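Here the numbering used here runs 344 ahead of the position in the sequence shown, where the first position is 1. Just below is one structure, and these are the notes that go with it.
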Amino acid sequence: MALTVDDVLRRLRDQAIERVDLGLCDLSGRWHHLTVAAELIQPSSFSEGVSVAALPAAGFDGESLAAGDLQEAAVVLDAASAWRDPFLPTAPLSLFGWMRCRSDGHPGCARSLASRATEALASSGLADTALFQVAPHLLLRGAGERSAGRIPLGGHGQAAALPERSLAFRSELLSLLGTPAPLQAAELLPAADGLMRLGYTAHQLAACCGLSAALVAAERPVEAAGCLPVSQSLRKARLPLFYGEGTRADLSQTARWYIGGLLLHAPALLALTGTGASIDGGWGGAGSAAPLRRAYAPGVGSTVVGLPVARPTPASQRLAFVAIEAAANPYVSWSALLLAGLDGIRRQIDPGGIQALEPSHPPAEAQPDPFPPLTTHPLAALEALATDHAFLLEGDVFSSAWIAVWIERQRRRLPLAPPQGEPFLSV
């Protein structure tokens, strides 16, 4: 259960905790950890923030955290993110936070985007809750080894027979996380926190064992291991909005419009859902099954959006954005997906007819997709984002300045991208 501000302050007092770990996520999706004295954590730390001037200088990078002038910045803490990091015994309590620059009030760091996207959803009147979920498997390997295969972390494939090393690793990982199913469907911010926490813990545990670990999708081949589809659904007053009984695939009109927004903005979204790791081979890596069709279909195949294969219930109806890399920053990419979907609902974007839903039709029967195929090269994605980002400015979630910084940083990163087919974690 998520803690409140009073819960956190009470725990600090009752357990006589002296040190607290603060976690901040930079634009590239890496955590910055800073251990501070517990006495710095006050009720105002969760609203106004802790002044950076009062914190140790080490661990802060103004450019990567997009916080502007650090002397005017504050770290705003999130009580609901409280957890015990098993790899930091000197800090019994860890808190995630985000950077806010006092001069302009605009929170530019990655984690703040998810909070602002949630606020934009609530104020839109279209829905009040957006649920996100990923279902990753783990890939493990030792020095000089090829991957030993996927390790399921819960749900689909849980009963699969595993090598002894893999089984022991999974058991220890889930024990450290304190849950048999680490990634349940949740609202944007806690869902992204959960993925980051899982990736961090898997990486740290693997390093202790002399291994490398990667989070990958269960459905895709190992050579496309960098992909990790994210499922999404909307609710209003606790009622699911994506279910339409008796319709094709039981999709509501709201869900179809949401899909329309994802497909319309897919070229720009790739600049936020990819890492630029495949400058030579295009998005997804050479030889991968990277999605190319701006369409939607059951399962996770060659389309940008996937739907459940089995007939869903109202509560389980969801859709998955497939064109997203496991190493993508979830705070950035998932916020962008939500805004694209909401834009589709506002503008009532038609995602296409039945042919787009059933790509298995023979070519002679299938009609053209309503959107042209994706150009998957990272540079093309950045150019698309430069011209198509008005939907990201809704609700003041992103800003034009933030997007310009992102594009420039990604352009600089491309020549330094990691080798293709290397999805292994570095957190």
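For glycine and all other residues, C-beta sits at the position ideal for the given N, C-alpha and C. All figures in this text were calculated on a predicted structure; none of them were measured in a lab.
Distance CB(residue i)-CB(residue j) smaller than 8 Å
i, j, result
"Thr365", "Asp422", "The amino acid occupying residue 365 in the given sequence is Asp; Thr does not appear at that position. Against a cut-off of 8 Å, the Cβ pair of Asp422 and Asp365 comes out as no contact."
"Gln661", "Tyr602", "no"
"Arg460", "Asp687", "no"
"Gln576", "Phe665", "yes"
"Leu608", "Ile689", "no"
"Ala612", "Ala454", "no"
"Leu371", "Leu399", "no"
"Leu726", "Ala641", "no"
"Pro695", "Arg637", "no"
"Leu549", "Leu595", "no"
"Leu578", "Thr462", "no"
"Ala670", "Pro436", "no"
"Ile385", "Leu356", "yes"
"Ala639", "Thr647", "yes"
Pairwise C-alpha distance: residue j and residue i
i, j, result
"Leu533", "Glu383", "26 Å"
"Ala551", "Tyr544", "11 Å"
"Pro584", "Ala530", "14 Å"
"Glu738", "Leu683", "8 Å"
"Gln754", "Leu368", "20 Å"
"Thr523", "Leu483", "20 Å"
"Val560", "Arg485", "13 Å"
"Leu539", "Gln477", "9 Å"
"Ala360", "Asp350", "15 Å"
"Leu606", "Cys571", "17 Å"
"Pro763", "Thr617", "Residue placement at Pro763 is flagged as unreliable, the pLDDT there being 45, under the threshold of 50; the coordinate-derived value follows with that caveat. If you take the alpha carbons of Pro763 and Thr617, they lie about 18 Å apart."
"Pro652", "Ala593", "8 Å"
"Leu518", "Ala512", "10 Å"
"Met443", "Leu542", "22 Å"
"Gly650", "Pro656", "13 Å"
"Ala724", "Thr598", "30 Å"
"Ala466", "Ser395", "29 Å"
"Glu516", "His547", "13 Å"
"Asp358", "Pro387", "16 Å"
"Glu362", "Glu589", "55 Å"
"His376", "Tyr675", "15 Å"
"Ala654", "Leu663", "12 Å"
"Gly643", "Ser389", "44 Å"
"Ala464", "Phe715", "27 Å"
Integer Cβ distance of residue i from residue j, believed to fall under 8 Å
i, j, result
"Ala426", "Val380", "Incorrect: roughly 14 Å between the Cβ atoms, too far for contact."
"Ala536", "Ala610", "Not quite, the Cβ-Cβ distance comes to about 20 Å (not below 8 Å), so this is no contact."
"Ala418", "Gly393", "3 Å"
"Ala471", "Lys580", "5 Å"
"Val574", "Trp678", "6 Å"
"Ile747", "Leu758", "So it is not a contact: roughly 17 Å between Cβ atoms."
"Ala730", "Ile751", "6 Å"
For residue i: DSSP bridge partner residues
i, result
"Ser395", "Ala418"
"Tyr675", "DSSP output for Tyr675 lists no bridge partner at all."
"Trp375", "Cys369"
"Val380", "Val364"
"Cys445", "Ala417"
"Trp772", "The question about residue 772 has no answer, for the chain in this structure spans 345 to 771."
"Leu758", "In the DSSP output, where bridge partners are listed per residue, Leu758 has none listed."
"Phe665", "Val574 and Val649"
"Pro642", "Leu651"
"Arg637", "Thr647"
"Leu475", "Glu531 and Ser577"
Cβ of residue i within 8 Å of any chain D Cβ
i, result
"Leu542", "Here there is only one protein chain, and chain D is not present."
(request) Entirely within the segment 508 to 589 and at least 4 residues each: give me those alpha helix (DSSP H) ranges in chain order. (result) List check, alpha helix (DSSP H) in window: 508 to 521 and 532 to 552.
(request) Report the residue ranges of all beta strand (DSSP E) runs contained in full by the segment 710 to 739; include only those spanning at least 3 residues, in chain order. (result) Segments of the beta strand (DSSP E) lying fully in the segment 710 to 739: there are none.
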